[in-house]
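The block underneath contains the structure these notes are about, expressed in structure tokens.
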Amino acid sequence: MLKTIDGLARRLVGSSFLYMRRFLFRILSVGPIPNHIAFILDGNRRYAKQRNMTEGTGYRAGFLAVMSMLKYCYELGVKYMTVYAFSIENFKRSQEEVQYLMDLMLEKIKGLLKQESVVNENGVRIHFVGNLKLLDKPVRVAAEKAMHATSNNTKSNLLICVTYTSTDEIVHAEHPAKRNGTKFRKLA
Ligand SMILES: CC(C)=CCC/C(C)=C/CC/C(C)=C/COP(=O)(O)OP(=O)(O)O
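Here is the structure:
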């Protein structure tokens, strides 16, 4: 008897949550929807520390949080989403932590490629942005595979920034420009 009441209550809470969610989305989609939203993945370790969790658990929780934010964005019709995931500076962390993050990225990129993933369900094209040569080879290969596999998706775009930093970008932007004969002048 108690089990039946508990099940009923759960279903009631579940359906009212769904109803409220639909209602909220209706209201939000009336207003102007941004074309591009960017997320900086930060605070994963602090989150884990506050809850006496391992750093790895914090990173995993961070990834799940960003995935649900992305799902809301797709549902609202945001065309471009950028995620700042791993900068070149992040390589200065301990070797174990960097390796953990590389393994996590590999696992998650493979997950994104699955048919039932949030990316495929929402017709999202993935772009990895940054100096990809600096990534661990298996991660780079998976990233390239993800870009290729989603290249025909047209509903929205997910830009994942990895191994990036402003100085590296300036250096790499300058080289082709120099080759084209562009003249640079020093800014005062
Ligand atoms: C495929 C894909 C998008 C994977 C992403 C995996 C992921 C969660 C990466 C976050 C990496 C990172 C160095 C965050 C910085 O914040 P921090 O956690 O160091 O923050 P804190 O030290 O300020 O708490």
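For the sequence shown, the numbering used here begins at 44 and goes up steadily by one.
Every residue gets a Cβ at the ideal spot worked out from N, C-alpha and C, and that includes glycine.
Check, Outcome
"Is LEU67 helix, strand or coil by DSSP?", "helix"
"Please list the terminal residues of the continuous alpha helix (DSSP H) segment that includes MET110.", "98-119"
"Is the segment 188-207 close to the segment 165-178, with three or more CB pairs under 8 Å?", "yes"
"Taking all protein chains shown into account, decide if TYR62 is buried (16 or more other Cβ within 10 angstroms of its Cβ) or exposed.", "exposed"
"Below 8 Å on the Cβ atoms is my contact criterion, and I expect ARG89 with GLU98 to pass it. Report the Cβ-Cβ distance as a whole number of Å.", "Incorrect: roughly 10 Å between the Cβ atoms, too far for contact."
"May I have the straight-line CA-CA distance separating GLY120 from ILE83, to the nearest angstrom?", "20 Å"
"Measuring only the C-alpha atoms, how far is VAL205 from VAL126?", "9 Å"
"Is there at least one non-hydrogen atom of ligand 1 closer than 6 Å to the beta-carbon of MET148?", "yes"
"Considering only their Cβ atoms, is the gap separating LEU147 from TYR102 smaller than 7 Å?", "yes"
"Tell me, to the nearest whole angstrom, how far the beta carbon of LEU175 is from that of ALA186; I am working on the premise that it is less than 8 Å.", "6 Å"
"Quick one: using the 10 Å Cβ neighbour count with 16 as the cut-off for buried, is PHE134 buried or exposed?", "exposed"
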